[in-house]
Amino acid sequence: MGCSSSRCCQRRGKHKILPNGVIVPAFKNIKKVDSKPQLKNQKLEATKSNAEEKTKDKDNEKDRETKVERRNSTFDYFMGTNISLEWLLEQIGEKFHAEFATKPTWIIERLNQYTEKDIDKTSVVRVSFGWDNEELPKSVVLKISNKRIGSKNESENLAGNLFKKECNTYEWLQKVKRARIPKVHLIRSTFTINNEEPLIFMEDLTERSKPLELDDPVELDLIRDLLKQLAQVHAASFLRPNEWKNDIEPNPKLFYTELAELVESSTTGWTSLGDAKFKKLMEFVNGEYMDKTVKEGCKELGVDECLVHGNPIARNFFAAADDKHVAAIVDWVQAHPGCFAEDVAKAICWNLAPKDRYLNQRKLLEHYHFNLLKYSEGKANKITMEVIEAGFKYFLPFVAVCYLIYLPDDLSHASIKQLELAQVLLDDGLNDCNGGYSFLENDDDVNSEDVENEEDTIKDDNEGTFIKATNEVIHLNNVCGVLQDSEPSKPSDEKNEGLKASEDLQNQESQKGTAEQPVASQVQGNDTNPFADPTADHVVNLVEMAMENENEVIEEPIDTTILAAVEKLQEGPGDVAQPAETEGTQ
1 MGCSSSRCCQ RRGKHKILPN GVIVPAFKNI KKVDSKPQLK NQKLEATKSN
51 AEEKTKDKDN EKDRETKVER RNSTFDYFMG TNISLEWLLE QIGEKFHAEF
101 ATKPTWIIER LNQYTEKDID KTSVVRVSFG WDNEELPKSV VLKISNKRIG
151 SKNESENLAG NLFKKECNTY EWLQKVKRAR IPKVHLIRST FTINNEEPLI
201 FMEDLTERSK PLELDDPVEL DLIRDLLKQL AQVHAASFLR PNEWKNDIEP
251 NPKLFYTELA ELVESSTTGW TSLGDAKFKK LMEFVNGEYM DKTVKEGCKE
301 LGVDECLVHG NPIARNFFAA ADDKHVAAIV DWVQAHPGCF AEDVAKAICW
351 NLAPKDRYLN QRKLLEHYHF NLLKYSEGKA NKITMEVIEA GFKYFLPFVA
401 VCYLIYLPDD LSHASIKQLE LAQVLLDDGL NDCNGGYSFL ENDDDVNSED
451 VENEEDTIKD DNEGTFIKAT NEVIHLNNVC GVLQDSEPSK PSDEKNEGLK
501 ASEDLQNQES QKGTAEQPVA SQVQGNDTNP FADPTADHVV NLVEMAMENE
551 NEVIEEPIDT TILAAVEKLQ EGPGDVAQPA ETEGTQ
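Residue numbers for the sequence shown follow UniProt numbering, so the first one is 1 and each next one is one higher.
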């Protein structure tokens, strides 16, 4: 319909119809309006805005597409993930050289329910199969992470990076001969092109060992072996630092910030400390303090960095059938380069009842020291017992505070064992003490007389051990021909003869001076050598440990001289042949 009836159409030259049909006035001072550039600009702005939204929702769109494909497929997927049974069977077939004509019967169960206290936010599932083939595993375990590295959510980005670090740790530990970890079949640290989650596909340790929980009683021998396994990992990382340091980074400061927040949530309702101690406790519940404590531990003690597990609590290692040996250590998500003493303090304080810790702490530290020196090939010689004890004390407040994360938010749901352990650790940590009998003094079941009797018993046992070990050291020196001027003396079982032999040995050494030093002095000839004095308490304990582990093959000695001495010692006095009196024999 035209506009001839309008007033503007009756006035010649007063309007103009544009090619696109838009009517505009034809006045000279009015510019022509071209709608095409406007539409183009609007389209560009809309495209730019949509591009940002598409980038933000890209992962969600991919998830939706994957879910549509899954609805149209016959695959069986695990617990809302993109990991399918078919994929797992394919992996098992490749690893164990098997083929599956039909799907086996299978059951999946979740082994963990992560909460806000689980910073890594991973899912651990067990898939069990009903096949009869004895060569195939009855069940396998998958540890799955659905958190993306690079996410705008800091917590999710942290969780993704922690899982990737755990993958890198398992990659390296598989190269360490003595590392007791589960057998790992596949490690995938990032999402695939098909949006399949990162995971660790490993053996089910329950087929050959048993898991532990926080409330389970832990045998002292099991903690001894745990310390030995940690010492072996620490030693291996001392020997091969270039193999792991580039891929296993320190925990970021955000990790300790979140850890402090979680610990703080666990202190709600904690009234048994009193106002003064509670105020002091909150000084340690601080992300900056935690970050600084961990990252400056090596500098404070003057030692090199090693690979630290970071979380050696009962639920993270499996016990062998005898309850005395560790079958495997798992959950390396908190692994980081750091100070050995962090693992040592946590392993002892978190897993032993306070009474057991007080009575055995020194022995356990010596046991760790013995194994660290044994497997580090001289790389850890500057870590003396004094350094280990100082490191234990340095990390005690940090260890005590971090244990609170394992308490439930509602303390009424905590077990008596957990509350007791937390209370004693806080008392020790906040008082800056290194253990003692403070716990026993407050124990209704143990009176002061019992403590004195216990101390007397320990003193007697130590004295007997000292005599026995001293005699063995004398015999060791004679066998190795170190005491060249002395006749081989027969080890005695009598207490007085042992003491006399010890005195004679010391007199001989003082007369010889520096010309003829005992075995220990010949090894390194410095004050930091733990074998510098064969009658020192610590050396006696080392000799005792060698005697207790007589069936163990020592492959990586502290020194070849010590190896020869220990081997002779393990053979026993009756099995040692006297050296032939030939020319050249000393």
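Glycine is no exception: its CB is placed at the ideal position from the N, C-alpha and C atoms.
How long is the line joining the alpha carbons of residue 556 and residue 376, rounded to whole angstroms? In the sequence shown, the residue the question calls residue 556 occupies position 556. In the sequence shown, the residue the question calls residue 376 occupies position 376. With a pLDDT of 43 at residue 556, under the threshold of 50, the predicted position of this residue should be treated as unreliable, though the coordinate-derived value follows. Computed Cα separation, rounded: 8 angstroms.
Alpha-carbon spacing of residue 104 relative to residue 311, whole angstroms: Along the sequence shown, one-based indexing puts residue 104 at 104. Along the sequence shown, one-based indexing puts residue 311 at 311. Their backbone Cα atoms lie some 37 angstroms apart in a straight line.
7 angstroms CB neighbourhood of residue 404 in its chain, flanking five on each side removed: For the purposes of this step, residue 404 is identified with residue 404 of the sequence shown, where counting begins at 1. Answer for residue 404: 263, 266, 267 and 422, listed in chain order.
Mind checking residue 110: buried by the 16 CB within 10 Å criterion, or exposed? Residue numbering aside, residue 110 sits at position 110 when the sequence shown is read from its first letter. Exposed is the call here.
Rounded C-alpha distance that separates residue 223 from residue 419: On the sequence shown, position 223 is the one that residue 223 refers to. On the sequence shown, position 419 is the one that residue 419 refers to. Residue 223 and residue 419: Cα-Cα distance of roughly 21 angstroms.
Terminal residues of the beta strand (DSSP E) in which residue 336 lies: Locating residue 336 in the sequence shown gives position 336, counting from the first residue. Counting along the chain, the beta strand (DSSP E) containing residue 336 begins and ends at 336–338.
Measuring CA to CA, which of 107, 126 and 402 is closest to residue 285? Counting from one through the sequence shown, the residue named residue 285 turns up at place 285. For residue 285, the nearest C-alpha among the options comes from 402.
Proximity winner among 173, 225, 96 and 90, relative to residue 137 (alpha-carbon distances): Position 137 of the sequence shown, counted from the first residue, corresponds to residue 137. Minimum Cα distance to residue 137 is reached at 96.
Sort 79, 166 and 229 by Cα distance to residue 196 and report the nearest one. The residue you call residue 196 lines up with position 196 of the sequence shown. Taking only the C-alpha atoms, the option nearest residue 196 is 79.
Beta-carbon separation (whole angstroms), residue 369 vs residue 388, contact threshold 8 angstroms: Residue 369 sits at position 369 when you count from the first residue of the sequence shown. Residue 388 sits at position 388 when you count from the first residue of the sequence shown. Confirmed, about 6 angstroms.
State the beta-bridge partners of residue 106 as determined by DSSP. On the sequence shown, residue 106 is found 106 positions in, with the first residue counted as 1. Looking at the DSSP assignment, residue 106 forms a beta bridge with 129.
My assumption, with CB atoms under 8 angstroms, is that residue 168 sits in contact with residue 81. Please give the rounded CB distance. The residue given as residue 168 occupies position 168 in the sequence shown. The residue given as residue 81 occupies position 81 in the sequence shown. Incorrect: roughly 22 angstroms between the Cβ atoms, too far for contact.
Indicate the three-state DSSP secondary structure (helix, strand or coil) for residue 206 in the structure shown. On the sequence shown, position 206 is the one that residue 206 refers to. Note: residue 206 maps to helix in three-state DSSP.
Identify every run of the alpha helix (DSSP H) within the region 365–444, keeping only runs that are complete inside it and at least 4 residues long; order them along the chain. Runs of alpha helix (DSSP H) with 4 or more residues, each lying fully within the region 365–444, are found at 385–403, 416–430 and 438–441, listed in chain order.
Measuring CA to CA, which of 233, 231 and 83 is closest to residue 193? Indexing the sequence shown from 1 puts residue 193 at position 193. Looking at the Cα atoms, 83 is the closest of the given residues.
Quick one: what's residue 139 bridged to in DSSP? Numbered from 1 along the sequence shown, position 139 holds the residue referred to as residue 139. Partner(s): 128.
Please return the same chain residues whose Cβ sits closer than 7 angstroms to the Cβ of residue 149, not counting the five positions on each side in sequence. Position 149 of the sequence shown, counted from the first residue, corresponds to residue 149. Contacts found: 157, 160, 161 and 164.
Does the Cβ of residue 275 lie closer than 6 angstroms to at least one heavy atom of the ligand ZN? Judged by which ligands are present, the structure shown has none, so any question about the ligand ZN falls away.
Nearest-angstrom Cα distance between residue 135 and residue 89? Taking the sequence shown and counting its residues from 1, the one referred to as residue 135 is at position 135. Taking the sequence shown and counting its residues from 1, the one referred to as residue 89 is at position 89. Approximately 14 angstroms, taken between the alpha carbons.
Reduced DSSP category for residue 234 - H, G, I as helix; E, B as strand; rest coil: Residue 234 sits at position 234 when you count from the first residue of the sequence shown. Residue 234 falls in the helix class under three-state DSSP.
So which of 340, 120 and 201 has the shortest CA-CA distance to residue 87? Along the sequence shown, one-based indexing puts residue 87 at 87. Residue 201 is the option with its Cα nearest to residue 87.
I'd like to know whether the C-beta atoms of residue 120 and residue 333 end up nearer to each other than 7 angstroms. Start at 1 with the first residue of the sequence shown, and residue 120 comes out as number 120. Start at 1 with the first residue of the sequence shown, and residue 333 comes out as number 333. Yes.
Specify whether the region 225–237 and the region 304–322 touch according to this definition: at least 3 beta carbon pairs, one from each stretch, less than 8 angstroms apart. yes
How many angstroms separate the CA atom of residue 277 from the CA atom of residue 430? Within the sequence shown, numbered from 1, the residue matching residue 277 stands at position 277. Within the sequence shown, numbered from 1, the residue matching residue 430 stands at position 430. Taking the straight line joining both Cα atoms gives about 7 angstroms.
DSSP three-state call for residue 190: helix, strand or coil? Working through the sequence shown from its first residue, we reach residue 190 at position 190. Under the three-state reduction of DSSP, residue 190 is assigned to coil, being neither helix nor strand.
Reduced DSSP secondary structure (H/G/I, E/B, other) of residue 348: Here the question's residue 348 lines up with position 348 in the sequence shown. Here residue 348 sits in helix by DSSP.
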